[in-house]
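Each remark here refers to the structure printed beneath this line.
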Amino acid sequence: MSTSRRSLRYHCQLRQSAGERRAETHPLTWRFREDGALIGLEEYVEKDGYAAVREVLGNQSPQDVIATMKEANVRGRGGAGFSAGLKWSLTLQGGDLPRGYLVCNADEMEPGTFKDRLLLEQQPHLLIEGMILGAYANNSCFGYIFLRGEYIEAARALIQALNEARAAGWLGKNIAGSGFDFDIALHTGAGRYICGEETALISSLEGLRANPRTKPPFPGQSGAWGKPTVVNNVETLCNVPAVMRHGAEWYQGLSGGLSDDGGTKLYGVSGRVNRTGLWELPIGTSAAELLDRAGGIRDGRALKTWLPGGGSTGFLLPEHLELALDFDTIGEYGSRLGTGLLTVVTEEQSVVSLVRNLEAFFARESCGWCTPCRDGLPWTLKILQSLERGEGEQGDIELLEQLASDLGPGKTFCAHAPGAAMPLESSIRHFRAEFEAGIAHERRAAHEDPIPAGGV
Amino acid sequence: MNDTASFNAQSAIATDGDGFVLHEEDRDAILHERDHYEQPQAACIEALKIVQKRHGWVPDGAIPAIAGVLGIGVANVEGVATFYSLIFRQPVGRHVILVCDSSSCFLTGFDELRDAITAELGIDFGQTTADGRFTLLPVCCLGACDRGPALMIDDDTYGPVPPDAVAELLKEYA
Ligand SMILES: Cc1cc2nc3c(=O)[nH]c(=O)nc-3n(C[C@H](O)[C@H](O)[C@H](O)COP(=O)(O)O)c2cc1C
Ligand code: SF4
Ligand code: FES
Chain A
0 MSTSRRSLRY
10 HCQLRQSAGE
20 RRAETHPLTW
30 RFREDGALIG
40 LEEYVEKDGY
50 AAVREVLGNQ
60 SPQDVIATMK
70 EANVRGRGGA
80 GFSAGLKWSL
90 TLQGGDLPRG
100 YLVCNADEME
110 PGTFKDRLLL
120 EQQPHLLIEG
130 MILGAYANNS
140 CFGYIFLRGE
150 YIEAARALIQ
160 ALNEARAAGW
170 LGKNIAGSGF
180 DFDIALHTGA
190 GRYICGEETA
200 LISSLEGLRA
210 NPRTKPPFPG
220 QSGAWGKPTV
230 VNNVETLCNV
240 PAVMRHGAEW
250 YQGLSGGLSD
260 DGGTKLYGVS
270 GRVNRTGLWE
280 LPIGTSAAEL
290 LDRAGGIRDG
300 RALKTWLPGG
310 GSTGFLLPEH
320 LELALDFDTI
330 GEYGSRLGTG
340 LLTVVTEEQS
350 VVSLVRNLEA
360 FFARESCGWC
370 TPCRDGLPWT
380 LKILQSLERG
390 EGEQGDIELL
400 EQLASDLGPG
410 KTFCAHAPGA
420 AMPLESSIRH
430 FRAEFEAGIA
440 HERRAAHEDP
450 IPAGGV
Chain B
0 MNDTASFNAQ
10 SAIATDGDGF
20 VLHEEDRDAI
30 LHERDHYEQP
40 QAACIEALKI
50 VQKRHGWVPD
60 GAIPAIAGVL
70 GIGVANVEGV
80 ATFYSLIFRQ
90 PVGRHVILVC
100 DSSSCFLTGF
110 DELRDAITAE
120 LGIDFGQTTA
130 DGRFTLLPVC
140 CLGACDRGPA
150 LMIDDDTYGP
160 VPPDAVAELL
170 KEYA
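Chains A and B, in that order, are what the protein sequence lines are. Under numbering that gives the first Met the number 0, the first residue of the first sequence carries the number 0, and numbering increases by one thereafter. Under numbering that gives the first Met the number 0, the first residue of the second sequence carries the number 0, and numbering increases by one thereafter.
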């Protein structure tokens, strides 16, 4: 491989030195090596790995694990922020019920999100340990890691780690002498953002088109092949070993009063800043602190607006930088924490063009099941394209507002459409003048100068 | 009536006639995958990927072949094969370039990167170079947003890729 090719190769990087990361404060990343190399089984076990499995399996009941997880209140890191412990307490189990499945959502495709990749590529055993504990709590007989097809490096790391764990008896029959059986298979995807939606992910796992399913029944009642199925994000599951090892109270304390939520969060920054990257910080850390760690905006420019957690979250302003980046706080300001990876937009960048880019993504990635999503998003995109070209007409902004409302929560089978509505609605709310600047015409008859169909 | 019958006959010939034969190794790999799941349908996507790995794409004849091995309906395989963006139903070049067109890359120079690639190769998204070397496709956020603009060539992810580095990088892929 030539040097030019090697120097352009992407390497996922944590921006914190080993000195800053300790077992007591950085449950997700304290084992990470400075050189960013994969942590194999031996090193993982040396650094307290699989200790939680050894402690919990056979010594605590599944109900104890669920109770601890509920108390720790680990909120879903896939973006929705639902308590993992609460979800697990709703999984059907016991009596004559068949044992179900535990599925790790590693489909990471939310625009602006690159956190799960780090955990998978450098420390796959932490995820496996979290999955064993999750499976124990939920009485799952088998686990799947649903990994997006493009994550080749992560697939390599996971295959190696699964083999190592199986050979060492951490997977398979009678794990650590506890009598509990559980194994995991890696399932790699073949594209399409919608596979990350948990019910679509189950459809895809079953080898079907990735159409979401109606809820209820929730996956915990009837998921993969009709069995109780728990779907959790990579980062969520990676929190479980430390919670079980050190307890709910310790976990709650990690946020140090910055948030009502406990634990840390793998935060990140992308866009035109000086030092993009990832940091594990107490949940509730402010965006101002993150921007600071990212070395501020490039070229001395000013911040215009930012997305707190991916393309399906709402735009926030510089005045919101001091807010705690947690689920409840960000939710109060017309946005969502989402994945917690900031996308930074600078003063010279056009909000209309960015929203056009986002809606093109959502239009392309719609699974096509619901009318507002399938038809509303291409329509939204066409209006945005004409505004971007300065060829919009009177009434376009009101129409976009109507579309954002029609795409909103409760009108479609899944949260894809509401996810598309959020940046649309919030961008108009904050930057109406930019949209107005794209209007050049009075309202015209519908088919005068039509925008050709297709090409979306 | 007659027209329909002859049309069906022709398409049947076209399917059989593309001479697709499932490689024995691939057949075994598909059967192995099948055992990971409760139902054979679940191995369908993996089966398509196995075929694609060998042929570069999924020819029409592979659809009934996979359906046969898994014991599921042809339409169940076809429906899946047309849904997923990384399953190619047309021949592709020796190398597939996936350029991230999502938001963070858009903010860090996607337009310039795309222009550099399309100029270098003389093709647009969805096309293959006349020499069969490259196919160019857009892709959702590659999870490399901290180093945008990002792209993948075959199994390798690159970023940030400055427009003036494109020619040199592509030279590496014969
Ligand atoms: C369109 C769409 C895409 C999603 N993509 C992902 C994803 O890639 N990874 C993920 O963990 N969750 C994703 N989610 C959220 C999942 O539906 C689900 O809430 C999550 O996997 C649950 O795990 P958690 O509670 O641990 O966060 C997506 C949701 C929607 C609506
Ligand atoms: S909201 Fe969109 S992506 Fe979700 S089920 Fe409906 S059409 Fe599919
Ligand atoms: S937006 Fe391009 S890699 Fe994430």
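Backbone N, C-alpha and C define an ideal beta-carbon position, used for all residues, glycine too.
With the cut-off set at 8 Å, would you say residue i and residue j are in Cβ contact?
i: G267 of chain A; j: N238 of chain A; result: no
i: I174 of chain A; j: V354 of chain A; result: no
i: P218 of chain A; j: T198 of chain A; result: yes
i: G133 of chain A; j: L101 of chain A; result: yes
i: E120 of chain A; j: E152 of chain A; result: yes
i: H440 of chain A; j: Q393 of chain A; result: yes
i: P58 of chain B; j: F82 of chain B; result: no
i: L136 of chain B; j: A149 of chain B; result: no
i: Y172 of chain B; j: H94 of chain B; result: yes
i: T328 of chain A; j: S103 of chain B; result: no
i: F412 of chain A; j: C369 of chain A; result: yes
i: R146 of chain B; j: T90 of chain A; result: no
i: V50 of chain B; j: A61 of chain B; result: yes
i: W87 of chain A; j: A22 of chain A; result: no
i: Y232 of chain A; j: N72 of chain A; result: Going by the sequence as given, residue 232 of chain A is Asn instead of Tyr. No; because the gap between Cβ atoms is not below 8 Å, this pair is not in contact.
i: R300 of chain A; j: E347 of chain A; result: yes
i: N210 of chain A; j: S202 of chain A; result: yes
Less than 7 Å separating the Cβ of residue i from some heavy atom of ligand 2?
i: I382 of chain A; result: no
i: I201 of chain A; result: no
Should residue i go down as buried or exposed, given a rule of 16 or more other Cβ atoms within 10 Å for buried?
i: R443 of chain A; result: exposed
i: I152 of chain B; result: buried
i: I158 of chain A; result: exposed
i: F6 of chain B; result: Note that F6 of chain B has pLDDT 39, beneath the 50 cutoff, so the model's placement of it is unreliable and no number is given.
i: E41 of chain A; result: exposed
i: D2 of chain B; result: At D2 of chain B the pLDDT is 42, less than 50, meaning the model places this residue with poor confidence and gives no usable figure here.
i: K226 of chain A; result: buried
i: Q40 of chain B; result: buried
i: G48 of chain B; result: One point to set straight first is that residue 48 of chain B is Lys, not Gly, in the sequence displayed. K48 of chain B comes out buried.
i: R8 of chain A; result: exposed
i: E109 of chain A; result: buried
i: P26 of chain A; result: buried
i: A11 of chain B; result: Since pLDDT at A11 of chain B reaches only 36, below the 50 mark, its modelled position is unreliable, and the value read off the structure follows with that caveat. By the 10 Å Cβ count, A11 of chain B comes out exposed.
i: S404 of chain A; result: exposed
i: D106 of chain A; result: buried
i: R428 of chain A; result: exposed
i: D15 of chain B; result: Only weak support exists for where D15 of chain B lies, its pLDDT of 44 falling under 50; the value from the coordinates is given anyway. Exposed, by the Cβ-count rule.
i: A8 of chain B; result: Residue placement at A8 of chain B is flagged as unreliable, the pLDDT there being 37, under the threshold of 50; a coordinate-derived value is accordingly withheld.
i: R388 of chain A; result: exposed
i: S139 of chain A; result: buried
i: R116 of chain A; result: buried
i: D25 of chain B; result: buried
Under 7 Å: does the beta carbon of residue i sit that close to some heavy atom of ligand 3?
i: G339 of chain A; result: no
i: C11 of chain A; result: no
i: A153 of chain A; result: no
i: L141 of chain B; result: yes
i: S352 of chain A; result: no
i: A359 of chain A; result: no
i: A149 of chain B; result: yes
i: G262 of chain A; result: no
i: C99 of chain B; result: yes
Does the beta-carbon of residue i, which I'm using as the reference point, lie nearer than 7 Å to any heavy atom of ligand 1?
i: M108 of chain A; result: yes
i: A83 of chain A; result: yes
i: R76 of chain A; result: yes
i: N104 of chain A; result: yes
i: L197 of chain A; result: Reading off the sequence, residue 197 of chain A comes out as Glu, not Leu. Yes, ligand 1 has a heavy atom inside 7 Å of this Cβ.
i: V165 of chain B; result: no
i: G418 of chain A; result: yes
i: N461 of chain A; result: Since the displayed chain A opens at 0 and closes at 455, residue 461 of chain A lies outside it and no answer follows.
i: N466 of chain A; result: Nothing in the structure corresponds to residue 466 of chain A, since chain A is present only between 0 and 455.
Am I right that residue i and residue j are in contact with their C-beta atoms under 8 Å? What's the rounded C-beta distance?
i: A164 of chain B; j: T156 of chain B; result: No, A164 of chain B and T156 of chain B are not in contact; Cβ-Cβ is about 15 Å, not under 8 Å.
i: I127 of chain A; j: L161 of chain A; result: 7 Å
i: I396 of chain A; j: R431 of chain A; result: 7 Å
i: T345 of chain A; j: L289 of chain A; result: Between L289 of chain A and T345 of chain A the Cβ distance is about 15 Å, and since that is not below 8 Å, they are no contact.
i: T187 of chain A; j: L125 of chain A; result: The pair is not a contact, with the Cβ atoms about 20 Å apart (cut-off 8 Å).
List, in order along the chain, the chain D residues whose C-beta lies closer than 8 Å to that of residue i?
i: T107 of chain B; result: Given the protein chain composition of this structure (A and B), no chain D is represented.
Residues passing the C-beta test against ligand 2 heavy atoms, cut-off 6 Å:
Around ligand 2, the residues whose beta-carbon falls short of 6 Å from at least one of its heavy atoms are A:I193, A:P211, A:S365, A:C366, A:G367, A:W368, A:C369, A:C372, A:R373, A:T411, A:F412, A:C413, A:H415, A:A416, given in chain order.
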